[in-house]
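According to this note's numbering, the sequence shown is numbered sequentially starting from 3.
For reference, the structure discussed in these notes is given below.
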Amino acid sequence: MRILSGIQPSGTPHLGNYFGMMRPAIQMQEQNGMEMLYFIADYHALTSVRDPVILRGNVRKMALDFLACGLNPEKTCFFLQSAIPAVTELTWILGTLTPVGLLERCHSYKEKKARKLPSSHGLLSYPVLMAADILLYDSDLVLAGKDQKQHLEVARDIAVKFNEAYGSVLRLPAPHIQEGMAMIPGQDGAKMSKSYGNTIEIFLAEEILRKRIMEIQTDSTPTDRPKPTAGSTILSLYRLVASPSDYQQMLDEHIHGGVGYSTFKERLFEAVWLFFKPLRKRREELTTCPEVVDQVLKKGSTHAHAIANRVIERVRSAIGLR
Ligand code: ADP
Ligand code: TRP
3 MRILSGIQPS
13 GTPHLGNYFG
23 MMRPAIQMQE
33 QNGMEMLYFI
43 ADYHALTSVR
53 DPVILRGNVR
63 KMALDFLACG
73 LNPEKTCFFL
83 QSAIPAVTEL
93 TWILGTLTPV
103 GLLERCHSYK
113 EKKARKLPSS
123 HGLLSYPVLM
133 AADILLYDSD
143 LVLAGKDQKQ
153 HLEVARDIAV
163 KFNEAYGSVL
173 RLPAPHIQEG
183 MAMIPGQDGA
193 KMSKSYGNTI
203 EIFLAEEILR
213 KRIMEIQTDS
223 TPTDRPKPTA
233 GSTILSLYRL
243 VASPSDYQQM
253 LDEHIHGGVG
263 YSTFKERLFE
273 AVWLFFKPLR
283 KRREELTTCP
293 EVVDQVLKKG
303 STHAHAIANR
313 VIERVRSAIG
323 LR
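Here it is, written out as structure tokens:
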């Protein structure tokens, strides 16, 4: 069973990325019979990052962070999307079969437009590149967060159209959506996202991390009064990093009143700091030997290349390019 997933290097990873995607992917590599392919989607990142120095830095940080978070290069093929340029060729080929309306209906495109982010052809055809990512590696299962569900459906739709036109050439992957994982909120209560500037990064320096957590928006309920629990950003985040008993205690204190938001935030900060402490240590060790990261990515791209070549040759031959 081949499992594929990708992440954009559009900024440093945050709690939403870690709990929504990095941790589940890393846990999956431990299961028997799974061949994991994991890439850093640097072509996709071009839809939002225009500075080459920033992009290069982000890619490096993302690779470091993934390895620090437990990605094991012996078990997972870890590579850069752009190391396999055949993916852009497949994007073009799939694009010729993709109705524009299908792309215009994608929530993430509509949301970015509504937020007045610059709309480009790349932003609209983002799901086509994602379909190419998925189909180029003959993946059986694609791992992604809930917010990517529609993009995975689009990938399947495109694969079906291709196979209807040219025969059974592309393997249709099944989505593996982290349904159980609720959307992780950012400081403003909306989905934590690099695009929305409401993120709490996992490897921040101590004081910056504290500051980010103190910025979480709360209502003006006085200390002695009970506080709302539904939709509470503090509780949602605390649940992820605290022990069940500490979480229960904070929940009870919300219900009964008597503890202020700043105390809750301080406790949340402590729990986040402790949770990521061992990972932070591993990251520091990796930072001192950058060549390890390069070697891992090189090894990963050699393996990915071999798979991609077989698929793109099959596609070329099916459509009449050869
Ligand atoms: P961002 O929205 O910050 O740009 P990405 O789109 O790069 O994040 O998301 C990378 C992965 O992390 C995706 O699989 C996505 O589902 C997951 N993810 C991102 N933000 C969250 C969140 N707030 N809650 C749960 N999962 C998330
Ligand atoms: N668009 C995905 C995200 O932002 C990243 C991604 C790119 C991806 N290509 C993919 C995820 C293919 C799964 C499969 O999270």
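For every residue, glycine included, the Cβ atom is placed at its ideal position computed from N, Cα and C.
Fair warning: this is a prediction, and the values are worked out from it, not measured in the lab.
Problem set entry | Per DSSP, the bridge partner or partners of S2 | In the structure as shown, the chain begins at 3 and stops at 324. Residue 2 is therefore absent and cannot be evaluated.
Problem set entry | As assigned by DSSP and simplified to three states, the class of A192 | Reading the sequence shown from its first residue, position 190 is the one you call residue 192. Reduced to three states, the DSSP call for A192 is coil.
For this session: Whole angstroms is fine: what's the gap from K63's alpha carbon to C79's?
Result: As a position in the sequence shown, residue 63 is number 61, starting the count at 1. As a position in the sequence shown, residue 79 is number 77, starting the count at 1. C-alpha separation (whole angstroms): 18 Å.
Problem set entry | Top-ranked residue by Cα proximity to N165, from V317, P224, S234 | To locate residue 165, count along the sequence shown from 1; it is residue 163. Looking at the Cα atoms, V317 is the closest of the given residues.
Exercise. Considering H16, what are the terminal residues of the alpha helix (DSSP H) in which it resides?
Worked result: Here the question's residue 16 lines up with position 14 in the sequence shown. Where H16 is concerned, there is no enclosing alpha helix (DSSP H), given that its DSSP letter is neither H nor E.
For this session: Could you spell out the range, first to last residue, of the beta strand (DSSP E) harbouring T90?
Result: Your numbering for residue 90 matches position 88 in the sequence shown. That residue, T90, is in no beta strand (DSSP E); its alpha helix (DSSP H) goes 88–97.
Problem set entry | Three-state secondary structure (DSSP) of E203 | Counting from 1 along the sequence shown, the entry for residue 203 is found at position 201. Correct three-state label for E203: strand.
Exercise. What whole-angstrom Cβ distance do L92 and K163 have, given they're in contact under 8 Å?
Worked result: Here residue 92 refers to the residue found at position 90 of the sequence shown. Here residue 163 refers to the residue found at position 161 of the sequence shown. 14 Å between Cβ atoms; not a contact.
For this session: Could you have a look at T225 and say whether DSSP puts it in helix, strand or coil?
Result: Looking up residue 225 in the sequence shown gives position 223. If DSSP states are grouped into helix, strand and coil, T225 belongs with coil.
Exercise. M252: beta carbon under 7 Å from a heavy atom of ligand 2?
Worked result: Mapped onto the sequence shown, residue 252 falls at position 250. M252 Cβ: outside cutoff for every heavy atom of ligand 2.
Exercise. Is DSSP giving I179 helix, strand or coil here?
Worked result: Counting from 1 along the sequence shown, the entry for residue 179 is found at position 177. If DSSP states are grouped into helix, strand and coil, I179 belongs with the strands.
Exercise. Taking just the CA atoms, how far does L145 sit from Q219?
Worked result: Along the sequence shown, one-based indexing puts residue 219 at 217. Along the sequence shown, one-based indexing puts residue 145 at 143. Cα to Cα, Q219 sits roughly 31 Å from L145.
For this session: Can you give me the Cβ contacts of Q10 inside the same chain, cut-off strictly under 6 Å, excluding the 5 residues immediately before and after it?
Result: Locating residue 10 in the sequence shown gives position 8, where the first residue counts as 1. Cβ within range, chain order: A43, H46, A47.
Exercise. CB of V156 to nearest heavy atom of ligand 2: below 7 Å?
Worked result: For the purposes of this step, residue 156 is taken as the residue at position 154 of the sequence shown. Answer for V156: no, Cβ out of range of ligand 2.
Exercise. At which residues does the alpha helix (DSSP H) containing T265 begin and terminate?
Worked result: Counted from its first residue, the sequence shown places residue 265 at position 263. From DSSP, the alpha helix (DSSP H) with T265 extends over 263–277.
Exercise. By the 10 Å Cβ neighbour count, where 16 or more other Cβ atoms means buried, how is K196 classified, buried or exposed?
Worked result: Position 194 of the sequence shown, counted from the start, is the residue given in the question as residue 196. K196 is buried by the Cβ-count criterion.
Exercise. Taking just the CA atoms, how far does R324 sit from Y20?
Worked result: On the sequence shown, residue 20 is found 18 positions in, with the first residue counted as 1. On the sequence shown, residue 324 is found 322 positions in, with the first residue counted as 1. Their backbone Cα atoms lie some 43 Å apart in a straight line.
Exercise. DSSP state of P187, grouped into three classes?
Worked result: Working through the sequence shown from its first residue, we reach residue 187 at position 185. Three-state DSSP puts P187 in a strand.
Exercise. At a cut-off of 7 Å, is M325 close to ligand 1 when judged by its beta-carbon and the heavy atoms of the ligand?
Worked result: Limits of the chain in this structure are 3 at one end and 324 at the other, which puts residue 325 out of reach.
Exercise. For the beta strand (DSSP E) that A27 lies in, which residues bound it at each end?
Worked result: What you label residue 27 is simply residue 25 of the sequence shown in a count that begins at 1. Here A27 belongs to no beta strand (DSSP E); instead the alpha helix (DSSP H) covers 25–30.
For this session: Flag I9 as yes when its Cβ comes closer than 7 Å to any non-hydrogen atom of ligand 1, and as no otherwise.
Result: Translated into positions along the sequence shown, residue 9 becomes position 7. It does: the Cβ of I9 is within 7 Å (strictly closer) of some heavy atom of ligand 1.
Exercise. Looking at the unbroken beta strand (DSSP E) that takes in L1, where does it start and where does it end?
Worked result: Past the boundaries of the shown model lies residue 1; the chain is included only from 3 to 324, so the question cannot be answered.
Problem set entry | Limits of the unbroken beta strand (DSSP E) element including A85 | Translated into the one-based positions of the sequence shown, residue 85 becomes position 83. It is not in any beta strand (DSSP E) - A85 carries neither H nor E in the DSSP assignment.
For this session: Identify the continuous alpha helix (DSSP H) that holds L242 and give its terminal residues.
Result: Here residue 242 refers to the residue found at position 240 of the sequence shown. Element bounds for L242: 235–243.
Exercise. Helix, strand or coil for V171 per DSSP?
Worked result: Counting from one through the sequence shown, the residue named residue 171 turns up at place 169. Three-state DSSP puts V171 in coil, outside helix and strand.
Exercise. Would you say I215 and I204 are within 8 Å of each other, going by their C-beta atoms?
Worked result: The count along the sequence shown starts at 1 and reaches residue 215 at position 213. The count along the sequence shown starts at 1 and reaches residue 204 at position 202. No.
Exercise. Do the stretch 102–111 and the stretch 134–141 touch if we need at least three Cβ pairs shorter than 8 Å?
Worked result: no
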